[in-house]
Every structure is written in structure tokens, then in C-alpha cells.
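Written out below as C-alpha cells is the structure these notes cover.
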Amino acid sequence: MRRSKINTKITKITALTAILAALAASPAAADYRITRDHGGLVEQYKEKYERIKAKGERVIIDGICNSACTLVFGIVPLNKICVTPRASIGVHEAYLDKRWTGGVRIASSSGTADLMSYYPPTLKQWIARNGGLTPQMKKLKNGVPLWEVIDPCPDEF
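Taken in order, the sequence shown gives residues -30 to -1, 1 to 127; the numbers are from mature numbering (1 follows the signal peptide of the UniProt record, and there is no 0).
Spelled out as C-alpha cells, the structure:
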């Protein structure tokens, strides 16, 4: 009888050890690095960043993040996003998909309002100080001006 209790305890300890080892061996949340992203369809970016957010990944902007790429700032928590000295972001007003407009670029006020709704206050303030969203790309380049909007990556310096 005593031997069976000992065997049961050993079995439980062995099972618990196996579970803890499996948890320790499972990959931690990975980093998602943006190096050269010129944007694209807004809905695709919303879906991509929702997946990244759900995985708990950290986003490192280490190069160009333009247009729809900047939606990351409104979907992934800001404490999971940082920029390196090589980072730059570019914003412009939204426009309708050229496939539906015969290749003509047509501004979308509702799309622009949607983009702005995703941006954190620091980015909205920078956009306002620089004339709002317009058809022309406005770039916020690396260094202090960008770091005033998005935190720098401490391990990249």
C-alpha cells in the first residue's frame, strides 16, 4: 500500500516536471521587425497587426514604415512597439483602392478619419503640427523627433 502511494507521488512529480519542461521549452513571444514596408491595403494590415497583438509579439521598427504600416501604432500596444535609429514612418491621407477607380488616386475622407482614429495622441499631435494628413507623404525620421512620438528600442543603441 505504501509503495503505491510513493509510486503515485513519483508519477505526479514526473508529470509536473514534464509539463514545466515543456512550458520552459516553448518559444517566447517573438519580435516582428519592420525594415522596408511601404504600406498597402488597410484591411490586410489591420488583420496582420491583430494577429501580432494576439501573439504578444514586440514590434521593432528598424527602417521604413509608411502608409498602412503605421496602423501598427493603434493596434499593437505602444509598450510593445519601439523604433531603432534607422526607423522612419510616413503618413498620408487615405485613398480608395486604385483597382476600383481605374487607376486614379481618389482621396477618402472616411478612410483618412479611420486612419487617424488608430493613431496615438503623440502621432496625431505631430500630424496636426505638420499640416494634417494630405496626399503627400509626410515623413517622421529617426532620431529625437521620432522618439518623441514612439519610444526608442533601448537594446538597439
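Built from N, CA and C at the ideal position, the CB exists for glycine as well.
Taking C-alpha positions only, Val46 is separated from Met107 by approximately 23 Å. Considering only Pro91, Ile59 and Ala(-1), the residue with the shortest C-alpha distance to Gly113 is Ile59. Within the DSSP bridge table, the entry for Gly73 names no partner. By the neighbour-count definition (other C-beta atoms within 10 Å, threshold 16), Leu85 is a buried residue.
DSSP, read as helix, strand or coil, puts Tyr65 in strand.
Exposed is the label assigned to Leu66, since fewer than 16 other Cβ atoms lie within 10 Å of its Cβ. Going by beta carbons, Arg6 and Ile34 fall inside the 8 Å limit. In this structure, Tyr89 places its C-beta atom within 8 Å of the C-beta atom of Gly44. Take Trp96, set aside five residues on each side of it, and the residues of its chain with a beta-carbon closer than 7 Å to its own are Leu110 and Val119, in chain order.
Here Val12 has Ala38, Leu41, Ala64, Gly81, Asp84 and Leu85 as same chain residues with Cβ atoms under 8 Å from its own Cβ, once five neighbours each way along the sequence are excluded. Between Leu103 and Val61, the CB-CB gap stays under 8 Å.
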